[in-house]
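Notes follow once the structure below has been shown.
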Amino acid sequence: MSGSLRPAKFIGKRTMLHILSCCLAFILVFQFHPVYSTPEIVRPRGVAISKAPLYDPEKDFKCFDGSRTLPFSMVNDDYCDCPDASDEPGTSACPNGYFHCTNAGHMPLNIPSSRVNDGLCDCCDGSDEYGSSAGCVNSCLEQGRSARAAAIQLAELTKQGNQLRIQLITQGKQLKSDKKARLEQLQKDREEATKIKEEKETLKNKAEEFEKAALEVYRQAAEEERAKQSAAQDEEQEAFEHFQRLDSDHDGFIRLSDLQTRQTFDKDRNGEVSEEEAKYFLGHDELDWSTFHAEAWARMKPYIMLEKGLFTPPSTPAPELDTPGENAEEFPADHSEEEDGEEEEEEEATETPEGQDAEGAPEGEGEVVEETLYDEGTQNLIEEARKARTEYEDADRSVRDKDREIRDIEDALGKDYGEEEEFASLQGQCFEFTDREYTYKMCPFDQVTQMPRNGGADTRLGTWGRWSGNPDKYSVMLFEHGQGCWNGPQRSATVKLTCGLENKLTSASEPNRCEYLFEFSTPAACVPDPESNVHDEL
Ligand code: MAN
18 MSGSLRPAKF
28 IGKRTMLHIL
38 SCCLAFILVF
48 QFHPVYSTPE
58 IVRPRGVAIS
68 KAPLYDPEKD
78 FKCFDGSRTL
88 PFSMVNDDYC
98 DCPDASDEPG
108 TSACPNGYFH
118 CTNAGHMPLN
128 IPSSRVNDGL
138 CDCCDGSDEY
148 GSSAGCVNSC
158 LEQGRSARAA
168 AIQLAELTKQ
178 GNQLRIQLIT
188 QGKQLKSDKK
198 ARLEQLQKDR
208 EEATKIKEEK
218 ETLKNKAEEF
228 EKAALEVYRQ
238 AAEEERAKQS
248 AAQDEEQEAF
258 EHFQRLDSDH
268 DGFIRLSDLQ
278 TRQTFDKDRN
288 GEVSEEEAKY
298 FLGHDELDWS
308 TFHAEAWARM
318 KPYIMLEKGL
328 FTPPSTPAPE
338 LDTPGENAEE
348 FPADHSEEED
358 GEEEEEEEAT
368 ETPEGQDAEG
378 APEGEGEVVE
388 ETLYDEGTQN
398 LIEEARKART
408 EYEDADRSVR
418 DKDREIRDIE
428 DALGKDYGEE
438 EEFASLQGQC
448 FEFTDREYTY
458 KMCPFDQVTQ
468 MPRNGGADTR
478 LGTWGRWSGN
488 PDKYSVMLFE
498 HGQGCWNGPQ
508 RSATVKLTCG
518 LENKLTSASE
528 PNRCEYLFEF
538 STPAACVPDP
548 ESNVHDEL
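This note's numbering applies: residue 18 is where the sequence shown begins, and numbers increase by one.
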């Protein structure tokens, strides 16, 4: 502001004030005694109309805090007498005082006393610079006009927005009562669903008991079968190892001569293994592995065991030599004391019989095991148990679904959606604003996130905290406890609500590191001011 202010000469002397306050007529006071600033109500400079009665020139002045009483001439004498600054409303004498600009044509204003005559025009009527050379011009009419136009515009917007707000209130109340009704229904349904779940659980347990008992039979049979197979494999492995030992030239055949060198087969214990003895065990002139395993091994094994001390024969005498095969079951002579050095040395043989791998595992192990075929009764029990399990799981899910919905509704019902539920319809919606670097997403009553435009993970700026406007609680939303800021506090977001005809996130900024500020326009914030903002003191 610049230009010339009406001639304003500061007259602060106590005597002058006293004279002026005593007896001059209104016009005279206004025109020639600038201690008084408006023609309507006589009052000292810098005093608001509302406080004028406290400054009666015909009485001594009492500091507002009651601490002192002064001759009226000491008001605005440029010397601070009252601790509460009330004696110096029109000067900069008191550091804690306020100067009131009337600003006729616009809005009155209180400015700190320190701004009086500081060379800067603070009041649009220029009244704060009556004793300086700032040359303020009175622009109150002009400013008032545009402020009023803006106020009218805002009032119109508020009026239209308020219509929408009224609809939102209806919607919000409806939403809330719908939720309450749904909650009641859900609580009943949950009781019912819990009963069903309990019944299904009992049925499932019963069906599983039957199923388990039926499967146990199969399990035991399978275990026995496995044990049998494993014993047969051990047996085969053992036979193969002996086959290899006896096959001294490793040509895949055992011949009579191979046996004749082994004391094990000296049945009559005469010190040598005769051809007959060797034939008795072989049954043929020569044997390959499979014939050995299928026929001769059973005859040889008792003798080999005897030799190792693993087998004790009955006390019956050893049988005479017979045709091979006929007396294969008979007990052999006790040769346990005999040693066969060669056999011991070859104990390390590691080859495996055909059809076995190096570890002796039978071929096919590790492959997909054939599915067990159950008898019809067992099959039915399995099927019934499966059905009972499915039904129980469905019943359990139904209870859990209801629990979840109940929790969500209770959570929503516990939230503060405004005095008249006008913000309720914002629950469940999200609004975005994109700046150069980020897209921000604000979901009222839920959370605010920040997404880098060039990709990368979202950052949670805060989850719903509370309304924090002052004095209008519902003008600011606070989202707290966001992701921690590197070397700093947890992120938080403040959302300022303004009246607008649509719900829209209109700005985003980060005034302090990791403290975010948003503006959100919404009809829910269009509350008409019962006292219009368009004041003037024309
Ligand atoms: C990220 C963003 C910024 C924030 C820094 C703090 O880059 O969340 O908004 O200022 O982290 O390190």
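Where is the CB? At the ideal position from N, CA and C, for every residue including glycine.
Can you tell me whether Asn134 is buried or exposed, with buried defined as 16 or more other CB within 10 angstroms of its CB? It counts as buried.
Regarding Arg424 and the ligand MAN, is the C-beta to nearest heavy atom distance less than 7 Å? No.
Where do the N-terminal and C-terminal ends of the beta strand (DSSP E) with Ser509 fall, by residue? Ser509 to Cys516 is the span of the beta strand (DSSP E), which, as asked, contains Ser509.
Excluding the five sequence neighbours on either side, which residues of its own chain have a C-beta within less than 6 Å of the C-beta of Ala412, listed in chain order? Excluding positions up to five away in sequence, the list reads Ile213, Lys214 and Lys217.
Applying the criterion that 16 or more other CB atoms from any shown protein chain within 10 Å of the CB defines a buried residue, is Glu436 buried or exposed? By the neighbour-count criterion, in which a residue is buried when 16 or more other Cβ atoms sit within 10 angstroms of its Cβ, Glu436 is exposed.
Would you mind sorting Glu364 into buried or exposed? The rule is 16 or more other CB atoms within 10 Å of its CB. For Glu364, the predicted model reports a pLDDT of 41, less than 50, meaning its position is unreliable; a value from the coordinates is still stated below. Burial state of Glu364 is exposed, judged by a 10 Å Cβ sphere holding fewer than 16 other Cβ atoms.
I'd like to know whether the C-beta atoms of Asp2 and Leu273 end up nearer to each other than 8 Å. Because the chain is modelled from 18 through 555, residue 2 falls outside the range shown and cannot be assessed.
Reducing DSSP to helix, strand and coil, say where Trp503 ends up. Here Trp503 sits in coil by DSSP.
Candidates Arg477, Lys432, Val493 and Met317: which alpha carbon is nearest Gly14's? The chain is shown only over 18 to 555; residue 14 falls outside these bounds and no answer can be derived.
By Cβ distance below 6 Å, which residues in the same chain neighbour Glu361 in space, the five residues on each side in sequence not counted? Residue confidence for Glu361 is low, a pLDDT of 41 falling below 50, so the modelled location carries little weight; the figure read from the coordinates is stated next. Cβ-Cβ distances below 6 Å link Glu361 to nothing in the same chain once the five nearest sequence neighbours on each side are left out.
Express the C-alpha separation of Phe282 and Asp275 in angstroms, rounding to a whole number. Asp275 and Phe282: Cα-Cα distance of roughly 11 Å.
Quickly, what does DSSP pair Trp484 with across the bridge? List them, please. Residue pairing from DSSP places Trp484 in a beta bridge opposite Met494.
Output the distance between the C-alpha atoms of Arg62 and Gln160, rounded to the nearest integer angstrom. For Arg62 and Gln160, the distance between alpha carbons rounds to 22 Å.
Burial state of Arg530, where buried means 16 or more other Cβ atoms lie within 10 Å: Answer is exposed; the Cβ neighbour count stays below 16.
Could you please go through the chain and list the residues whose beta-carbon is closer than 6 Å to any non-hydrogen atom of the ligand MAN? Qualifying residues come out as Gln467, Thr476, Cys502, Trp503, Glu527, Arg530 and Cys531.
Spell out a yes or no on whether the region 447 to 458 and the region 488 to 497 are touching, meaning 3 or more CB-CB pairs, one atom from each, closer than 8 Å. Remark: fewer than three beta-carbon pairs, one from each stretch, lie closer than 8 Å, so the region 447 to 458 and the region 488 to 497 are not flagged as touching.
According to DSSP, which residues form a beta bridge with Arg236? According to the DSSP secondary-structure assignment, Arg236 is paired through a beta bridge with no residue.
Skipping 5 residues on each side, what residues in its chain have a beta carbon closer than 6 Å to that of Gln467? Result list for Gln467: Tyr455, Tyr457, Thr476 and Leu478, in chain order.
List the DSSP bridge partners of Gln5. This structure leaves residue 5 out entirely; the chain is present only between 18 and 555.
Buried or exposed by the 16-neighbour rule on C-beta atoms within 10 Å, applied to Glu292: If you draw a 10 Å sphere on the C-beta of Glu292, you find fewer than 16 other C-beta atoms in it, and that means exposed.
Determine the burial state of Ile169: buried for a count of at least 16 other Cβ atoms within 10 Å of its Cβ, exposed for fewer. Exposed, since its Cβ has fewer than 16 Cβ neighbours within 10 Å.
Mind reading off the beta-carbon distance from Ala164 to His123? Whole number of angstroms is fine, and I expect it under 8 Å. So it is a contact: roughly 6 Å between Cβ atoms.
Please report the residue range of the beta strand (DSSP E) in which Pro319 lies. Per DSSP, Pro319 lies in no beta strand (DSSP E) segment; the continuous alpha helix (DSSP H) that holds it begins and ends at Trp314 to Lys325.
Considering only the beta carbon of each residue, do Arg85 and Cys99 sit closer than 8 Å? Result yes, Cβ atoms of Arg85 and Cys99 sit closer than 8 Å.
Should Ala474 be labelled buried (16 or more other beta-carbon atoms within 10 Å of its own) or exposed? Around the C-beta of Ala474, fewer than 16 other C-beta atoms lie within 10 Å, and the residue is accordingly described as exposed.
Under a three-way DSSP split, which group does His259 fall into? Three-state result, His259: helix.
CB of Phe440 within 8 Å of CB of Ala541, strictly: Result yes, Cβ atoms of Phe440 and Ala541 sit closer than 8 Å.
Distance between Gln254 and Thr407 (C-alpha atoms, nearest Å): Using only the alpha carbons, I get a separation of about 47 Å.
May I have the straight-line CA-CA distance separating Ala350 from Phe309, to the nearest angstrom? No answer about Ala350 holds up, because its pLDDT of 40 lies below 50 and its placement is not dependable.
Would you tell me roughly how many angstroms separate the C-alpha atoms of Arg414 and Glu173, rounded to the nearest one? Going from the Cα of Arg414 to the Cα of Glu173 covers about 53 Å.
For my contact list, Phe537 and Leu518 are in at a C-beta cut-off of 8 Å; report their separation, rounded to the angstrom. Rounded, the Cβ-Cβ distance is 13 Å, inconsistent with contact.
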